[in-house]
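Here the structure is laid out as structure tokens; the discussion comes afterwards.
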Amino acid sequence: MWRQLFNDPAAEANATCWDRPFDFLRQKWHEVPGHLRVDTQDLIRLPDDELLAFWQRELRLATSGDLYSARGWYHDKYLSEMKGRHLVDFGSGLGFDSIRFAEVAEQVTCVDIVPENLTVINRVAQLHGRDNVTTCLITGLESFQSLPESYDVLLAQGSLHHAPAHVVIPEIQALASRLSPGGRWLQLAYPKSRWISEGCLPFHHWGKVTDGAATPWAEWLDLETVIARMAPLKFEPRESFDFHNGEFIWFDLIKRNSR
């Protein structure tokens with residue numbers, strides 16, 4: 000039924016590609032955001048000293064100055080809350096959040112669909128001496144069975160609004176079912192106000208505006224939609240707000256029960 004939402008040839012081509020969603024998304028997301036977008040297929044060829052210097056520079060630039068309001072603020076806000084916790088970072092990219100929070104967390108599991116992204120994270124974690132960082136590669140829905148049976152915090156920093164609902168909801172259900180009761184769900188997405196200001200484009204076109212020409216999808220989310228996608232699991236909001244000049248929206252939720 001969802002394909003009936005489309006009415007142009009580009010959308011039909013896009014819809015066909017979602018028959019193999021992880022393969023489709025993998026074509027884009029070896030290009031990951033930091034201070035600038037970089038390709039992890041290039042980074043894995045760097046020697047250790049160059050990779051570490053690049054990573055540390057990008058982390059500094061991505062979390063300070065004008066970009067503090069994009070990423071640095073939640074590092075400061077949540078670092079103490081990660082102490083002794085098991086964090087799952089879904090769509091972990093270059094590991095800026097994972098390796099930062101690994102300073103105090105008991106365990107950090109980085110989850111991504113692109114093996115090169117996880118290779119970079121493994122190397123950087125080792126170079127930082129973070130032996131509490133592990134990785135999990137997602138090749139399909141069956142891979143979610145390899146996730147930890149339970150954990151305390153789920154961080155999805157921009158990874159759950161880049162595919163249609165029929166792709167994302169099974170992922171959300173798998174992630175939310177393993178989050179411990181009382182656990183935290185921290186998610187970054189794009190707000191509806193941004194979508195409106197950028198022309199109310201179809202989602203298969205809007206991705207090109209938000210994240211570059213190769214981006215197959217981007218959609219806005221609000222608190223009601225995020226909570227509804229977790230049903231019948233029950234989550235309550237602690238906070239939800241737009242930030243970084245309205246470019247992003249943040250969701251901070253608590254899981255109240257297992258069913």
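Okay, so the sequence shown: first residue is 0 according to numbering that gives the first Met the number 0, each after it adds one. Ideal Cβ positions, reconstructed from N, Cα and C, are used throughout, including at glycine.
Would you say the region 102-120 touches the region 37-52, given that touching needs at least three Cβ pairs under 8 Å? Using a Cβ-Cβ distance cut-off of 8 Å, the region 102-120 and the region 37-52 are in contact, since at least three pairs of beta carbons, one from each stretch, lie closer than that value.
Pairwise C-alpha distance: Glu105 and Ile195: Position 196 of the sequence shown, counting from 1, holds the residue named residue 195. Position 106 of the sequence shown, counting from 1, holds the residue named residue 105. About 41 Å.
Residue range of the unbroken beta strand (DSSP E) whose run includes Gln156: In the sequence shown, residue 156 corresponds to position 157, counting from 1. 150-156 is the span of the beta strand (DSSP E), which, as asked, contains Gln156.
Of all the options Ile98, Tyr67, Leu60, which has the alpha carbon lying nearest to the alpha carbon of His127? On the sequence shown, residue 127 is found 128 positions in, with the first residue counted as 1. Out of Ile98, Tyr67, Leu60, Ile98 has the C-alpha closest to the C-alpha of His127.
Cα separation between Phe191 and Ala164? As a working mapping, residue 191 is identified with position 192 in the sequence shown. As a working mapping, residue 164 is identified with position 165 in the sequence shown. Checking the sequence, you will find Lys at residue 191 rather than Phe. Using only the alpha carbons, I get a separation of about 16 Å.
Give every residue of the same chain whose Cβ lies closer than 8 Å to the Cβ of Ala217, excluding the five residues on either side of it in the sequence, and list them in chain order. Indexing the sequence shown from 1 puts residue 217 at position 218. Cβ neighbours of Ala217 beyond the five flanking positions: His160, His161, Tyr189, Phe202, Trp205, Gly206, Val208, Thr209, Asp210.
Tell me which same chain residues have a C-beta within less than 7 Å of the C-beta of Trp28, skipping the five on either side of it? Against the sequence shown, residue 28 aligns to sequence position 29. Cβ neighbours of Trp28 beyond the five flanking positions: Ile112, Val113.
Can you list, in chain order, the residues of its chain with a C-beta nearer than 8 Å to that of Cys16? Leave out the 5 residues immediately preceding and following it. Within the sequence shown, numbered from 1, the residue matching residue 16 stands at position 17. Here the set comprises Phe23, Pro215.
Relative to the C-alpha of Ile226, which residue among Arg255, Cys135, Cys199 is closest? Walking along the sequence shown from the start, residue 226 turns up at place 227. Taking only the C-alpha atoms, the option nearest Ile226 is Arg255.
Expressed to the nearest angstrom, what Euclidean distance is found between the alpha-carbon atoms of Ser176 and Ser145? Locating residue 176 in the sequence shown gives position 177, where the first residue counts as 1. Locating residue 145 in the sequence shown gives position 146, where the first residue counts as 1. Approximately 13 Å, taken between the alpha carbons.
Would Leu4 be called buried (16 or more neighbouring beta carbons within 10 Å of its own) or exposed? Residue 4 sits at position 5 when you count from the first residue of the sequence shown. Per-residue confidence for Leu4 stands at a pLDDT of 44, beneath the threshold of 50, marking its modelled position as unreliable; no derived number is given.
Does any heavy atom of the ligand MG sit closer than 7 Å to the C-beta of Phe143? Because no ligand of any kind appears in the structure shown, any question about the ligand MG cannot be addressed here.
Kindly indicate which three-state DSSP category Glu238 falls into: helix, strand or coil? In the sequence shown, residue 238 corresponds to position 239, counting from 1. It is a strand residue.
Distance check for Ile248 and Asp279, CA to CA, integer angstroms please. Since the first residue shown for the chain is 0 and the last is 258, residue 279 is missing from the structure and cannot be characterised.
Do Arg70 and Phe95 have their CB atoms nearer than 8 Å? Mapped onto the sequence shown, residue 70 falls at position 71. Mapped onto the sequence shown, residue 95 falls at position 96. Yes, these two residues count as a Cβ contact at 8 Å.
Just to confirm before moving on: does the CB-CB distance between Asp47 and Arg122 stay below 8 Å? Position 48 of the sequence shown, counting from 1, holds the residue named residue 47. Position 123 of the sequence shown, counting from 1, holds the residue named residue 122. Yes.
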